[in-house]
Amino acid sequence: MISNCITIFTPTYNRAHLLKRLYDSLLLQGNSNFEWLIVDDGSIDNTKEVVEQFINEDKIIIRYFYKSNGGKHTAINYGVQKAKGDLFFIVDSDDFLTTNAVQLKWEAWQKIKNNDKIAGIIGLSQFTNGTLIGDAFLKENWQIPFSDYYLKYNLKGDNSVAFKTAIMKEYPFPEKEGIKLVFEAVVWHEMAKKHDVLCLNNVIQLKEYLENGLTDSSYKLWYAQSMAFSFFQLIKNSTYSFYKYPKAFVGNFIHLIINSLLADENYFWQLKGIVNKIIYVLVYPRAYFSYWRMKSLIVK
Numbered sequence: 003m004i005s006n007c008i009t010i011f012t013p014t015y016n017r018a019h020l021l022k023r024l025y026d027s028l029l030l031q032g033n034s035n036f037e038w039l040i041v042d043d044g045s046i047d048n049t050k051e052v053v054e055q056f057i058n059e060d061k062i063i064i065r066y067f068y069k070s071n072g073g074k075h076t077a078i079n080y081g082v083q084k085a086k087g088d089l090f091f092i093v094d095s096d097d098f099l100t101t102n103a104v105q106l107k108w109e110a111w112q113k114i115k116n117n118d119k120i121a122g123i124i125g126l127s128q129f130t131n132g133t134l135i136g137d138a139f140l141k142e143n144w145q146i147p148f149s150d151y152y153l154k155y156n157l158k159g160d161n162s163v164a165f166k167t168a169i170m171k172e173y174p175f176p177e178k179e180g181i182k183l184v185f186e187a188v189v190w191h192e193m194a195k196k197h198d199v200l201c202l203n204n205v206i207q208l209k210e211y212l213e214n215g216l217t218d219s220s221y222k223l224w225y226a227q228s229m230a231f232s233f234f235q236l237i238k239n240s241t242y243s244f245y246k247y248p249k250a251f252v253g254n255f256i257h258l259i260i261n262s263l264l265a266d267e268n269y270f271w272q273l274k275g276i277v278n279k280i281i282y283v284l285v286y287p288r289a290y291f292s293y294w295r296m297k298s299l300i301v302k
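With this note's numbering applied, the sequence shown corresponds to residues 3 to 302, in that order.
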């Protein structure tokens, strides 16, 4: 591992045409103490050739790896094992960075690197038209569990996230054959049981939602399968305490039932503990009503 180096990690799948914009934003960084780690999740376009061109220019450190398609969460797991930096900064292939993004993350890293309580750093994101995505943080350098940000204070946002690589290795995403998406709350909120994040009220990443991107997923069968699996993981791990986040706790069961019905799957017998099974039964009528209204929308 390279001391004090930041790993800027980009998972990509058939996004060769978008990588140049991110690459150009990396060239403009005032702080060059980073590596760009690209994990190609089974692309069948010219991603490899585009990245090789960047590497041949020899302007920044770039490391490229190809793997069979398994979904973003599997690419993250793969990338964490390959990362040489102390801080694992996730930047999607359709995003790019402000010119001071690395410097801001690096300065924050100096504050938290010896603090075992803090797992990572989150900053703000905005659309390319200048609109902030979600809410600003309530205060600068706010130290808070990731779950509290969303569930206690009800703040919204598609934030810029970077976590200590060593801690990321302790919290791999669950993988299951056929599941192409596990939403990040499964891991980020699991971390929040023991760790906080440091919040920066600075725009770090610039984003736009693209057709066929993860942020624009229609309700297809694979998506319902992935959502059911993700909500099951939250329940299995007791990620949300009923006493601290009762709405989210119960909501996990409702969403599990809706999505498992849409996917024609049954997770009931995989639930551990009589309490979980009782809650499942109690919320089933409410969930089934939502499923009945949604089932015509599923695309196989």
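Backbone N, C-alpha and C define an ideal beta-carbon position, used for all residues, glycine too.
Helix, strand or coil: which one does DSSP assign to residue i?
i      : result
Arg65  : strand
Ser243 : coil
Thr12  : strand
Asn102 : coil
Ile123 : strand
Lys154 : helix
Lys279 : helix
Val285 : helix
Ile114 : helix
Leu183 : coil
Ile206 : strand
Ser162 : strand
Leu140 : coil
Val93  : coil
Ser219 : Confidence at Ser219 is low in this model, with a pLDDT of 43, below 50, so the placement of that residue is unreliable and no value is reported for it.
I'd like to know whether the C-beta atoms of residue i and residue j end up nearer to each other than 7 Å.
i      : j      : result
Ser81  : Val52  : Inspection of the sequence shows that residue 81 is occupied by Gly rather than by Ser. For Gly81 and Val52, no; Cβs fall outside 7 Å.
Pro13  : Ala77  : yes
Ile10  : Leu89  : no
Ile119 : Asp198 : The question names Ile, but residue 119 is Lys in the sequence shown. Taking 7 Å as the Cβ cut-off, Lys119 and Asp198 qualify as a contacting pair.
Leu263 : Ile300 : no
Tyr282 : Phe255 : yes
Leu157 : Asp137 : yes
Leu20  : Ser95  : yes
Gly125 : Ser162 : yes
Ala110 : Ile92  : no
Ser27  : Phe98  : yes
Phe56  : Tyr25  : yes
Tyr269 : Leu284 : no
Phe148 : Ala194 : yes
Thr167 : Ala250 : no
Tell me whether residue i is buried or exposed, calling it buried when 16 or more other Cβ atoms sit within 10 Å of its Cβ.
i      : result
Val277 : exposed
Thr217 : At Thr217 the pLDDT is 48, less than 50, meaning the model places this residue with poor confidence; the figure from the coordinates comes in the next sentence. The residue is exposed, with fewer than 16 neighbouring Cβ atoms inside 10 Å.
Gln83  : exposed
Pro248 : exposed
Pro287 : exposed
Trp294 : exposed
Trp330 : Residue 330 is absent from the model: the chain starts at 3 and stops at 302.
Ser177 : One detail in the question is off: residue 177 reads as Glu in this sequence, not Ser. Burial call: exposed.
Asn261 : buried
Ile280 : exposed
Short of 6 Å in beta carbon distance, which residues of its chain neighbour residue i, apart from the five on each side in sequence? Order them along the chain.
i    : result
Ile2 : No statement about residue 2 is possible, as the shown extent of the chain runs from 3 to 302 and does not include it.
Quick one: residues in its chain with C-beta nearer than 8 Å to the C-beta of residue i, no 5 flanking neighbours on either side, listed in chain order?
i      : result
Gln105 : Gln31, Gly32 and Asn33
Lys69  : Val41, Asp42, Asp43, Gly44, Thr76, Ala77 and Tyr80
Leu236 : Ala187, Val188, His191, Tyr242 and Asn254
Please return the same chain residues whose Cβ sits closer than 7 Å to the Cβ of residue i, not counting the five positions on each side in sequence.
i      : result
Tyr139 : With the sequence shown as reference, residue 139 is identified as Phe, and Tyr is not the correct amino acid for it. Contacts found: Cys201 and Asn203.
Ile135 : Ser127, Gln128, Phe129, Gly159, Asp160 and Lys209
Trp108 : Ile8, Asn33 and Asn35
Asn239 : Glu192
Subject >> Runs of beta strand (DSSP E) wholly within the region 22-59 (minimum 3 residues, chain order) >> reply: 36-43
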